[in-house]
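So the structure is just underneath, and the comments pick up after that.
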Amino acid sequence: MDDSLRDRVATAAAWAAAVLVGLVLTWLLFDLARRGLPAWSLELVVASPRDAGRAGGIAPILVSTALILLTCLAAVVPVGLGTAVLLSEVLSEDRLITRVSRRSLDLLAGVPSIVFGLFGNAFFCVALGLGFSILSGGLTLAVMVLPLFARASEEALRSVGRRDRLAAAALGLSRTRTLWSVLLPRALPALIAALVLSLGRAAAETAALVFTSGYVARMPSSLFDSGRALSVHVLDLALNVPGGDARAAASALLLLVVLLMINSGALALGSRLQRRLVATA
Amino acid sequence: MSEIRSRPKLVIENLSVRYGARWAFRDVSFEIPDGGLTALVGPSGCGKSSLLHCLDRLTDLIPGARVDGSIRLDDEEVLGPKVDVLALRRRIGLISQAPNPFAASLRKNVEMPLTEHGMKDPQERQDVLERVLREVGLWDEVADRLDVDALSLSGGQQQRLCIARALALQPEVLLLDEPCSALDPLARGVVEDLLTALAERMSLVVVTHDLAQARRLADELAVFWWRGGAGCLVASGPAERVFVDPADPDAAAYLRGERS
Amino acid sequence: MSWPRLSPSSPPARDRILGLTARATGLLGVSAVVLVGLFLLKETGSLLGRVPLEALFGSEWQPSLGRYGLAPILVGSVTVTLGSVLLATPLGVLLAVFLQFHAPPSVATVLLRGLELLAGVPSVVFGFLGLTSLAPLLGQTLLTGVLVLGLMILPTLALLAHSGLASVGSGPRLAAAALGLSVPAIAWRVIVPAARRTLTTAVLLATGRALGETMAVLMVTGNVIDWPRSLTAPVRTLTAHVALEMSYAEGDHRAALFLSGLVLFLLAGALVVLGARLGRAGATARG
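If you read the protein sequences in the order shown, they are chains A, B and C. Following my numbering, the numbering of the first sequence begins with 1 at its first residue and continues without gaps. Following my numbering, the numbering of the second sequence begins with 1001 at its first residue and continues without gaps. Following my numbering, the numbering of the third sequence begins with 2001 at its first residue and continues without gaps.
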């Protein structure tokens, strides 16, 4: 009797938790859509903000966001892939430097984003003299997502089995050729997933950008201009602009949609690329 | 069966391999003639696959592997630190037990290694592709779909593609690690005929657990056993002689199919 | 037999280039870690040298008077973090058990997709929703912060716990079922204990995320510098502290904010080291 009662309580608790969490989280999304959708219009994406963002659009903010993310990608993809290749293909597993590097990256992956904001401000803005700029913000994000991207890419390369490595070696293929023609095509889906994860993390980031790319909501004319990212815009409207809630919700909803698009778009791209790599000699 | 020429292709002397503290095999010496098929037989785990990996310097890829002794290919040492390993692996091809085509098209599987080894002319590569696919009897089956993913082929076709891929590099020695064990009987027959034909013009070294197959194919036989915590060689020589009189009681019992 | 010629051998010059490139970029990548630590120390250096440590970790924060006590803020950070983890952990494990053992397949799929979606929602969006929906009811308090942060880390925690339970494999589950154990008994007496280590790692990861969160907390906790005396009192965390004052801080004040960053760096680092220890211990215990 006792046991069956306990079983029923456990089952009920699991269901209750699921229903509760499901309801709360659905309501969150629904609430955001309810507030944000009415403010969606063509003007939102083509016009500049007016009246501190209460009216007008967010075109310059979208441009700045895209530029910050592109800067981040341009920096993190080569450095991250290089680090991954170094750790999985060049250095041997049992060397101290390999283990120390891996641990350091894991450590950096756990560091709060606001700390990267501080670092970016001191290093890129002040020490390198880049000031509050899209470049500073993008590079700060690159440092922030580097450990995530490098370690995930390393795992992707490492997961290509011994079978393929032996086959390549038995044919006398050089390391470069093995990497390029055998390992990369195999690891591609996992590499794309690593990239999407990193890009998503970067696009969602706010704290690391406030003191690096800044608040300026004008259309940037170069990478050395300050530019306001979409997430910073949401923060600013919600905290500093009385009556900015509707526009904040609209921007937050847009941010969410952009993140979803990054996810699904990259996955489609990944499968296309892999098909191409399989077919061509 | 092919005629066996006098000068050995490979001379193996006092060869030992260990992974960390574990010996794969110890103190193995024998010769592999130029041309013909040498079969390596013996129970699982006594170092036959490790020996093949050693001949192709694939042990370089295994962390913690230590190789001692000497292997000479046409009187050139294989194990030295200055050896051009990539060139060596072109001269000695290896076919694994499980077919291992790359996740790429049939064409790319054969042509990419050729490009890598300096064959820049696409027409030449195309010629070689057709020639080796014909040689392994795959051409008629796949001529119209050279650009499909090699992994979509059947197991037997994949294994023959791997052999074709190795043949394209014109190896002097081809090492085969139980090439038929993952194949159905029909595909096995096709591969065995292919091996017999290849043994006419290069040295084949075949690891097999199938004694009947060894009897059918082998010119030379080497029997491995497990003694003193390591694999070792207990009998070797011309196949007819070793099958009749292996001179070692364990080898004799094994070749008669008795459990020891 | 005429066979097209292969070149004798390609001395792999490209391999050397690959090795060098990988080394150069890898060095750049790994040096990022050193650089971040170095700059935090450098910016804090002037303050650490002159001001006694007990003053830095005292209870009074008055930059204009040269008082940089971080203690209440540190305690605030720890309180909000622990609160949110205490809220999210039982819910997350319950959700994972629900997904593994109770949910009909279609419900499980929908819930998993939903959780994946929510795990990617930017923290500023959680903060905004907390500010506009919860704060009007509860005020900007410790409780609001705990609720918002707890909800924010819940999807990730539940997903990690779910894969942790899945990694136990079907063996123990079948064995337990063959002994006639009920589904809840299998879940709570066999599978959850077997996954204890991965569950702990998941909680540590979630703790790190909660500790490091800035915007969602800043938007809903009121940010008054005081010891967290009750659930309904406003509170300020280290992360929010940096974000709020960085824009106008100079000299020692700025250095004190970098010290907050350094403390966060060390706390997060300790969590990572702890997680790695557990992972390694688990690997040896199993191996």
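Just so it is clear, CB atoms sit at the ideal spot from N, CA and C, and this is done for glycine as well.
Helix, strand or coil at residue i according to DSSP, with G and I counted as helix
i           : result
Tyr-1254(B) : helix
Gln-2062(C) : strand
Ile-262(A)  : helix
Cys-1232(B) : strand
Leu-2151(C) : helix
Ser-113(A)  : helix
Val-1173(B) : strand
Pro-189(A)  : helix
Ser-213(A)  : coil
Arg-8(A)    : helix
Gly-82(A)   : helix
Lys-1108(B) : helix
Asn-1100(B) : coil
Val-1092(B) : Correcting the residue type first, residue 1092(B) is Ile in the shown sequence and not Val. Reduced to three states, the DSSP call for Ile-1092(B) is strand.
Ala-55(A)   : strand
Phe-1030(B) : strand
Asn-1014(B) : strand
Thr-2156(C) : helix
Ile-2073(C) : helix
Residue environment, residue i, which counts as buried when at least 16 other CB atoms sit within 10 Å
i           : result
Glu-93(A)   : exposed
Phe-30(A)   : exposed
Thr-2089(C) : buried
Phe-2039(C) : buried
Glu-1258(B) : exposed
Ala-12(A)   : exposed
Trp-2061(C) : buried
Pro-2072(C) : buried
Ser-2247(C) : exposed
Val-1234(B) : buried
Ala-281(A)  : Residue placement at Ala-281(A) is flagged as unreliable, the pLDDT there being 39, under the threshold of 50; a coordinate-derived value is accordingly withheld.
Ala-55(A)   : exposed
Pro-1171(B) : buried
Met-261(A)  : exposed
Val-982(B)  : Missing from the structure shown is residue 982(B); chain B here goes from 1001 to 1260 and no further.
Ser-1203(B) : buried
Ala-1212(B) : exposed
Met-1119(B) : buried
Backbone CA spacing between residue i and residue j [nearest angstrom]
i           : j           : result
Asp-1144(B) : Ser-133(A)  : 56 Å
Asp-1193(B) : Arg-1160(B) : 12 Å
Thr-71(A)   : Ala-142(A)  : 8 Å
Leu-2082(C) : Leu-25(A)   : 21 Å
Leu-256(A)  : Asp-1140(B) : 54 Å
Leu-2112(C) : Met-2152(C) : 16 Å
Ala-252(A)  : Ala-238(A)  : 10 Å
Gly-1069(B) : Gly-1228(B) : 19 Å
Leu-2065(C) : His-2253(C) : 10 Å
Leu-69(A)   : Ala-202(A)  : 7 Å
Ala-10(A)   : Leu-2181(C) : 14 Å
Ala-168(A)  : Phe-149(A)  : 26 Å
Ser-2077(C) : Ile-2017(C) : 48 Å
Ala-1150(B) : Val-1242(B) : 40 Å
Nearest candidate by alpha-carbon position, reference residue i, set the options
i           : options                                            : result
Val-45(A)   : Val-111(A), Leu-139(A), Thr-65(A)                  : Thr-65(A)
Val-2168(C) : Pro-2155(C), Pro-2234(C), Ile-2186(C)              : Ile-2186(C)
Leu-2070(C) : Leu-2262(C), Val-2203(C), Gln-2100(C), Val-2272(C) : Leu-2262(C)
Ala-152(A)  : Gly-56(A), Gly-82(A), Arg-228(A), Asp-236(A)       : Gly-82(A)
Leu-2086(C) : Leu-2018(C), Leu-2143(C), Leu-2020(C)              : Leu-2143(C)
Leu-197(A)  : Val-76(A), Pro-60(A), Trp-15(A), Ala-14(A)         : Val-76(A)
Ile-1095(B) : Gly-1042(B), Leu-1255(B), Glu-1116(B), Leu-1176(B) : Leu-1176(B)
Val-90(A)   : Glu-154(A), Phe-123(A), Pro-147(A)                 : Glu-154(A)
Val-2224(C) : His-2241(C), Arg-2197(C), Leu-2157(C)              : His-2241(C)
Sufficient close CB pairs (3 or more, under 8 Å) joining the region 258-269 of chain A to the region 1023-1032 of chain B: no
The region 1089-1098 of chain B / the region 1034-1046 of chain B touching (three or more Cβ pairs under 8 Å): no
contact_flag[the region 181-196 of chain A, the region 1079-1088 of chain B] where n(CB pairs < 8 Å) is 3 or more: no
Given 8 Å, three or more beta-carbon pairs between the region 1131-1140 of chain B and the region 1150-1165 of chain B: yes
Cβ contact check for the region 1121-1133 of chain B and the region 1054-1062 of chain B: 3 or more pairs under 8 Å: no
At least three beta-carbon pairs within less than 8 Å, the region 2115-2124 of chain C to the region 2187-2206 of chain C: no
Contact the region 105-120 of chain A vs the region 209-222 of chain A: 3+ CB pairs below 8 Å: yes
contact_flag[the region 30-43 of chain A, the region 98-107 of chain A] where n(CB pairs < 8 Å) is 3 or more: no
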